[in-house]
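Peer 1: Handing you a structure now.
Number of protein chains: 2
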Amino acid sequence: MVTVQKCSRVYLESYTSIMSFGLDKKKLEEFFNKEIEEADRMTIELDSDDIIDEAFDSDVCLLVVGDPLGATTHASLVFNARKAGVDVEIVHNASIISAVGCCGLQLYRFGEIVSIVFWEENWHPDSYYFKIAENKKRGLHTLCLLDIKTKEQSIKNMMKGRKEFLPPRYMTCSDAAKQLLEIVDQMSDENMEPVYTKSTEVVALARVGWDDQKIVFCSLEALCDLDMGPPLHSLIIPGELHPMELDFLKSFYHNVF
Amino acid sequence: MVTVQKCSRVYLESYTSIMSFGLDKKKLEEFFNKEIEEADRMTIELDSDDIIDEAFDSDVCLLVVGDPLGATTHASLVFNARKAGVDVEIVHNASIISAVGCCGLQLYRFGEIVSIVFWEENWHPDSYYFKIAENKKRGLHTLCLLDIKTKEQSIKNMMKGRKEFLPPRYMTCSDAAKQLLEIVDQMSDENMEPVYTKSTEVVALARVGWDDQKIVFCSLEALCDLDMGPPLHSLIIPGELHPMELDFLKSFYHNVF
Chain X
1 MVTVQKCSRV
11 YLESYTSIMS
21 FGLDKKKLEE
31 FFNKEIEEAD
41 RMTIELDSDD
51 IIDEAFDSDV
61 CLLVVGDPLG
71 ATTHASLVFN
81 ARKAGVDVEI
91 VHNASIISAV
101 GCCGLQLYRF
111 GEIVSIVFWE
121 ENWHPDSYYF
131 KIAENKKRGL
141 HTLCLLDIKT
151 KEQSIKNMMK
161 GRKEFLPPRY
171 MTCSDAAKQL
181 LEIVDQMSDE
191 NMEPVYTKST
201 EVVALARVGW
211 DDQKIVFCSL
221 EALCDLDMGP
231 PLHSLIIPGE
241 LHPMELDFLK
251 SFYHNVF
Chain S
1 MVTVQKCSRV
11 YLESYTSIMS
21 FGLDKKKLEE
31 FFNKEIEEAD
41 RMTIELDSDD
51 IIDEAFDSDV
61 CLLVVGDPLG
71 ATTHASLVFN
81 ARKAGVDVEI
91 VHNASIISAV
101 GCCGLQLYRF
111 GEIVSIVFWE
121 ENWHPDSYYF
131 KIAENKKRGL
141 HTLCLLDIKT
151 KEQSIKNMMK
161 GRKEFLPPRY
171 MTCSDAAKQL
181 LEIVDQMSDE
191 NMEPVYTKST
201 EVVALARVGW
211 DDQKIVFCSL
221 EALCDLDMGP
231 PLHSLIIPGE
241 LHPMELDFLK
251 SFYHNVF
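Sequence lines, in order, name chains X and S. Sequential numbering from 1 applies to the first sequence in full-length UniProt numbering. Sequential numbering from 1 applies to the second sequence in full-length UniProt numbering.
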């Protein structure tokens, strides 16, 4: 709080995550008694030199949801600022990467994190499947971060140079479950042994750390039809389960049929 | 803060981590305007039922350094409390698991976390070597958490049933580097190809998030003789480095020769 208040300019980064319900720029302005400017994708990725320039003469602060260095963009901003001779202070915060411990899975039993991205009409990336497979082979859990699309332009608007954006999209656990099963369906055609099936039990998490947090332990098939409510969602594909982990997960059992 | 203040009893867990310099029980008591009791290993592991019993009639709070569910002990306490019918609220916090991003390595490029434990006279566990090797094979970074020994009894005191404890021990980056190289030395005898050598460059981190945080990027050999200062220390064995990660790490270059 003291760090924010001593700054002459405060930005709120608004495209790598979202704030919990009821918390917005206005509430933060009241809390800090400071004016706050929203910094969207364009500001952070394209105009970051302007922020660094400002920081030469005065203290500038960028508020981020989650750990401030979780996204490559932020690490890059810190690096460029220091390279330009600007001192950077980092105030760490809770992150989904460790907060997922709330489902009872042990953090030291997680392997590589994967990102599941929205499929476009002619682009169905599935490289995360192979990372899940590698983790599974070693008995490790996989945390899947689900895609966020903000300030995306339609091809039409992009071509016309219009700065109009599509509504934000947040991938749900149900979207992710459907994609994961589609990948496996295609593999069965090729006679490969999939590392998960529709009956594999996974952990769906929504709004971790918020008042209305929801955690459900159910099969991938059941998850396809499960409404976990508003964003953000995350998904865990468990590896080998320790009896204590399984007991904990069972408390989130949800029989949707 | 509000959560802590509404509790009739506040414990401070004191054996899975330590608080930063200048912050102690007394400072926290002043901050919260509350009396705080220290909960050591015995209290958490052996007397946890007493804490759960207390929580039936009144709000009890356990303060933890780092994410509250990073340690198995804490997850187990939450599970047992809920099983006994006690509501548990979790307030997430920054954790070394995500805070390591401050060295410039990307969090989604980390593999399984390992713990490096103190070797005893006749017990030299080295299973973490194989986990490092698996991560390396996939180009992933390995975060090594270093051992903490608090409230350990000497065999003499244990046999005499004396509740006297050895001074706390915290593994340094230098200790860890020496153990890692000893494992590799023994392997060379067996004509195995080690996944790191004494010239492998690693990241040493001390007191992450504290005012006197120190990060050094140097070879394992150099690290053996490097004093990183007071605890807690952590170590990262990088996998494949993205050019941006390498540039960031180079800003912590330390030529000790």
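Glycine residues also receive a C-beta, built at the ideal position from the N, C-alpha and C atoms.
Per the contact definition of three or more C-beta pairs closer than 8 Å, is the segment 237 to 252 of chain S in contact with the segment 128 to 145 of chain S?
Peer 2: At 8 Å Cβ cutoff, the stretches touch.
Peer 1: Taking DSSP's pairing of strands, which residues face residue 142(X) in a bridge?
Peer 2: Residue numbering aside, residue 142(X) sits at position 142 when the first sequence is read from its first letter. DSSP, once it has assigned bridges, lists 237(X) as partnering residue 142(X).
Peer 1: Would you mind sorting residue 180(X) into buried or exposed? The rule is 16 or more other CB atoms within 10 Å of its CB.
Peer 2: The count along the first sequence starts at 1 and reaches residue 180(X) at position 180. With 16 or more Cβ atoms within 10 Å of its Cβ, residue 180(X) is classed as buried.
Peer 1: Anything in the segment 227 to 252 of chain X with a Cβ closer than 8 Å to a Cβ of chain S? List those residues in chain order, please.
Peer 2: Result list: 244, 247, 248, 251.
Peer 1: Please classify residue 249(S) as buried or exposed, where buried requires at least 16 other C-beta atoms within 10 Å of its C-beta.
Peer 2: Residue 249(S) sits at position 249 when you count from the first residue of the second sequence. Classification of residue 249(S): buried, given that the 10 Å Cβ count is 16 or more.
Peer 1: Just reading off the alpha helix (DSSP H) that residue 52(X) is part of, what are its end residues?
Peer 2: Reading the first sequence from its first residue, position 52 is the one you call residue 52(X). First-last of the alpha helix (DSSP H) with residue 52(X): 48 to 57.
Peer 1: What span of residues does the beta strand (DSSP E) with residue 9(S) cover, start to end?
Peer 2: Looking up residue 9(S) in the second sequence gives position 9. Run containing residue 9(S): 9 to 13, per the beta strand (DSSP E) assignment.
Peer 1: Return the CA-CA distance between residue 152(S) and residue 171(X), expressed in angstroms with no decimal places.
Peer 2: For this step, residue 152(S) is matched to residue 152 along the second sequence. For this step, residue 171(X) is matched to residue 171 along the first sequence. For residue 152(S) and residue 171(X), the distance between alpha carbons rounds to 48 Å.
Peer 1: Let me know the secondary structure DSSP gives residue 257(X) once reduced to three states.
Peer 2: Position 257 of the first sequence, counting from 1, holds the residue named residue 257(X). In this prediction, residue 257(X) has a pLDDT of 38, which is less than 50 and means its spatial position is unreliable; nothing more can be read from the coordinates.
Peer 1: Nearest to residue 232(X) by CA position, among 17(X), 160(X), 4(X), is which residue?
Peer 2: Looking up residue 232(X) in the first sequence gives position 232. The option with the nearest alpha carbon to residue 232(X) is 17(X).
Peer 1: Could one say the Cβ of residue 102(S) lies closer than 8 Å to chain X's Cβ atoms, at least one of them?
Peer 2: Residue mapping note: residue 102(S) aligns to position 102 of the second sequence, counting from 1. Interface residue, yes.
Peer 1: Name the residue from 229(X), 186(X), 195(X), 193(X) whose alpha carbon lies nearest to the alpha carbon of residue 205(X).
Peer 2: To locate residue 205(X), count along the first sequence from 1; it is residue 205. Nearest C-alpha to residue 205(X): 229(X).
Peer 1: Is the beta carbon of residue 111(X) sitting closer than 8 Å to the one on residue 146(X)?
Peer 2: Locating residue 111(X) in the first sequence gives position 111, where the first residue counts as 1. Locating residue 146(X) in the first sequence gives position 146, where the first residue counts as 1. Result no, Cβ atoms of residue 111(X) and residue 146(X) do not sit closer than 8 Å.
Peer 1: Enumerate in chain order the residues of its own chain whose CB-to-CB distance from residue 183(X) is below 6 Å, with the five nearest sequence positions on each side excluded.
Peer 2: For the purposes of this step, residue 183(X) is taken as the residue at position 183 of the first sequence. Excluding sequence neighbours, residue 183(X) sits near 126, 129.
Peer 1: In the DSSP assignment, what are the bridge partners of residue 36(X)?
Peer 2: Residue mapping note: residue 36(X) aligns to position 36 of the first sequence, counting from 1. The partner list for residue 36(X) (beta bridge, DSSP) reads 10(X).
Peer 1: Could you name the residues of chain X that residue 99(S) contacts, counting a contact when the two beta carbons are closer than 7 Å?
Peer 2: As a first step, residue 99(S) is located in the second sequence; it is residue number 99 there, counting from the start. Here the neighbours are 67, 92.
Peer 1: Take the Cβ of residue 219(X) as the centre, count every other Cβ of all protein chains shown within 10 Å, and call the residue buried at 16 or more, exposed below.
Peer 2: Here the question's residue 219(X) lines up with position 219 in the first sequence. By the 10 Å Cβ count, residue 219(X) comes out buried.
Peer 1: Just verifying my parser: in three-state terms, what is the DSSP assignment at residue 156(S)?
Peer 2: Within the second sequence, the letter at position 156 stands for residue 156(S). Residue 156(S) falls in the helix class under three-state DSSP.
Peer 1: Using only CA atoms, which one of 83(X), 20(X), 69(X), 41(X) lies nearest to residue 209(S)?
Peer 2: For the purposes of this step, residue 209(S) is taken as residue 209 along the second sequence, with counting starting at 1. When each option's Cα is compared against that of residue 209(S), the closest is 69(X).
Peer 1: Within the same chain, show all residues whose beta-carbon is closer than 6 Å to that of residue 115(S), passing over the 5 residues directly before and after it, in chain order.
Peer 2: Here residue 115(S) refers to the residue found at position 115 of the second sequence. Cβ within range, chain order: 145.
Peer 1: Output yes if chain S places a C-beta closer than 8 Å to the C-beta of residue 48(X); else output no.
Peer 2: As a first step, residue 48(X) must be located in the first sequence, where it is residue number 48. False, the Cβ-Cβ gap to chain S never drops below 8 Å.
Peer 1: Excluding the 5 residues flanking residue 4(X) on each side, which residues of the same chain have their C-beta closer than 8 Å to its C-beta?
Peer 2: One-based indexing of the first sequence puts residue 4(X) at position 4. The answer, listed in chain order, is 10, 32, 34, 61, 63.
Peer 1: Verify whether the separation of the beta carbon atoms of residue 98(S) and residue 97(X) is less than 8 Å.
Peer 2: The count along the second sequence starts at 1 and reaches residue 98(S) at position 98. The count along the first sequence starts at 1 and reaches residue 97(X) at position 97. Their beta carbons are under 8 Å apart, which means residue 98(S) touches residue 97(X) by this criterion.
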